[in-house]
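For reference, the structure discussed in these notes is given below.
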Amino acid sequence: MPTLVIPPANVTEASLVARVPLSAPETLLELVSWLVDGKLHAARCESNGHAEPIEHPDLSDVIGQETARRAMEIAAAGGHNALLIGPPGAGKTMLARRLPSILPSPSEEEILEATAIHSVAGMLAHGRALAERPFRAPHHSISTAGLVGGGSTPRPGEVSLAHHGVLFLDELLEFPRHALEAMRQPLEDGRVVVARAGATVGFPARFTLVGATNPCPCGHAGDVAHPCTCSAVDVQRYRSRLSGPLIDRIDVHVTLQGVALAKLGSREPGESSASVRARVERARSRQRLRYRRLGIRSNAEAGGRWLDLNGGIQPDARGLLATAAEKLGLSARAYHRVMRVSRTIADLDDSEVVGTAHVGEALRYRPSMAEGDARNGVAAVAKLGNT
Ligand SMILES: [Zn+2]
């Protein structure tokens, strides 16, 4: 069997994947003397190659905000991108930071892919593999190259460092527009291509995007406790920063209540991450089975037409979706977004078929930023339920 000769500093990292013996001489002289003796010394690897897992904050810390908690669960279960909209202090960041605690455990293959990207970026601590899915939260002052990759020697950007994990963009609308536009390709294809003179480098970038934003420049539109001081034009201009193509790639939109309203809710601690995660894992295993021949892993990646034919949508659920599409003026893309989210809600419900209750809930997570006040949407859906 051949032996792989590598520098000592790379032993831990190589031991993660090497299926052959490793040898790590300190110097070239040592290597030569080993070769002359006809015996390469086996490298010593002192750790199991994985970094210590991080203890994530728990979802049970979030009091109230049931709809937003549920939205996080749906995003985790179906691999959906999510947008959290709400006034300052409503807990958007708190929720986003708890998403990793309810994501399904990564496979060994996913860990190795994510580790390889961190290695290329020179960000692997002590050559150890990541212990879990990455969570990246770059500041909105980041450059486009920093976000999607680039540089004279092409380096992976945040979208790739978040591969198989979460990319959290707080204050989403403060990011430069061209940086957000540049995320369209990775959001669509799960990879990003960085072109430089003489070289084109592709990096994988399949991540769950979580954006958070205020509903308006002052932050209080729709907040009962604080009047919004923005003009309609200001609000319109602010919201238009979120382009249609980006909205189209975010399946789950949720509006958080202001703190005052949230406090009216339960003071009981919320459900723990472990218990939510168990539902998420079950929903994911249903999806793995469903998509095993399609080369995809989650509902978020499923084509709308495929789901329409094979997603187990019941006739009355399809009827509700069609009525909603007409009354709410949903585009074909929006229609398929609701269908994907409905499929995930049914998976969380351990149901092979998608019924009206699943579609009804999914309609609550439609975009509100681009279509006026979220509560108009909820009211319209409530009306639909009565007809
Ligand atoms: Zn305002």
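For the sequence shown, the positions run 17 to 403 when the working numbering is used. We treat Cβ as the ideally placed atom computed from N, Cα and C, and that holds for glycine. Because the structure is a prediction, the values reported are computed rather than measured.
Check                                                                                                                                                               : Outcome
Sort K108, A178 and P202 by Cα distance to E126 and report the nearest one.                                                                                         : A178
Helix, strand or coil for V226, going by three-state DSSP, please let me know.                                                                                      : strand
So G95 and S247 are supposed to be a Cβ contact under 8 angstroms. How far apart are they, rounded?                                                                 : Contact doesn't hold; Cβ gap of about 38 angstroms is too wide.
Leaving out five residues on either side along the sequence, give the residues of the same chain with a beta carbon under 8 angstroms from the beta carbon of R200. : P261, L262 and R265
Which residue or residues does DSSP assign as beta-bridge partners of H269?                                                                                         : L99
Does ligand 1 have even one heavy atom less than 8 angstroms from the beta-carbon of V251?                                                                          : yes
Indicate, with yes or no, if ligand 1 has a heavy atom lying under 8 angstroms from the CB of T229.                                                                 : no
On the DSSP bridge assignment, give the partners of G218 in chain order.                                                                                            : V209
Please identify the residue among S49, I70 and G238 whose C-alpha is closest to the C-alpha of P116.                                                                : I70
Inspect the beta-carbon positions of P5 and V226 and report whether they are closer than 9 angstroms.                                                               : The requested residue 5 does not occur in the structure, where the chain is confined to residues 17 to 403.
If I measure Cβ to Cβ from E368 and keep anything under 6 angstroms in the same chain, skipping five residues before and after, which residues do I get?            : G328
Indicate whether F184 and F151 have their beta-carbon atoms separated by less than 9 angstroms.                                                                     : yes
Let me make sure I understand the geometry here. Which of R293, A198 and L188 has the alpha-carbon closest to that of T109?                                         : L188
Go ahead and label S301 buried or exposed: buried means 16 or more other beta carbons lie within 10 angstroms of its beta carbon, across all protein chains shown.  : exposed
Touch check for the region 230 to 240 and the region 346 to 365: three-plus C-beta pairs under 8 angstroms?                                                         : no
Could you compute how far the alpha carbon of R60 sits from the alpha carbon of I133?                                                                               : 25 angstroms
Alpha carbon to alpha carbon, how far is M17 from P37? Give it in angstroms, no decimals.                                                                           : 8 angstroms
Got a sec? Which residues, its chain only, sit under 6 angstroms from P154 by beta carbon, not counting five neighbours each side?                                  : E174
Please list the terminal residues of the continuous beta strand (DSSP E) segment that includes V182.                                                                : V182 to L185
In terms of residues, what are the limits of the alpha helix (DSSP H) holding G165?                                                                                 : Per DSSP, G165 belongs to no alpha helix (DSSP H) and is neither H nor E.
Which of the three DSSP states is assigned to V33 in this structure?                                                                                                : coil
Specify the secondary structure class of V249 as computed by DSSP and reduced to three states.                                                                      : helix
Please enumerate, following chain order, all residues with a beta carbon closer than 6 angstroms to at least one heavy atom belonging to ligand 1.                  : C232, P233, C234, H236, A237, C244, T245 and C246
Which first and last residues belong to the alpha helix (DSSP H) in which P331 is found?                                                                            : P331 to L344
Looking only at its own chain, which residues have a Cβ that is under 6 angstroms from the Cβ of P103, when we skip the five neighbours before and after it?        : G235, H236, D239 and G274
Do P120 and A98 have their C-beta atoms within less than 9 angstroms of each other?                                                                                 : no
On the three-state DSSP scale, how would you describe S117?                                                                                                         : helix
Going by the beta-carbon positions, is the gap between G286 and G138 smaller than 9 angstroms?                                                                      : no
Measuring only the C-alpha atoms, how far is L163 from A195?                                                                                                        : 7 angstroms
What is the DSSP secondary structure of T305, reduced to helix, strand or coil?                                                                                     : With the sequence shown as reference, residue 305 is identified as Leu, and Thr is not the correct amino acid for it. In the structure shown, L305 sits in a helix (DSSP, three-state: H, G or I).
May I ask you to list the residues that DSSP assigns as paired with F151?                                                                                           : V182
Distance, Cα to Cα, A58 vs S157?                                                                                                                                    : 47 angstroms
Going by DSSP, what residue range makes up the alpha helix (DSSP H) through E82?                                                                                    : E82 to G94
Just to confirm, are S9 and E342 a CB contact at a threshold of 9 angstroms?                                                                                        : A question about residue 9 goes unanswered here, because the residues of the chain that appear run from 17 up to 403.
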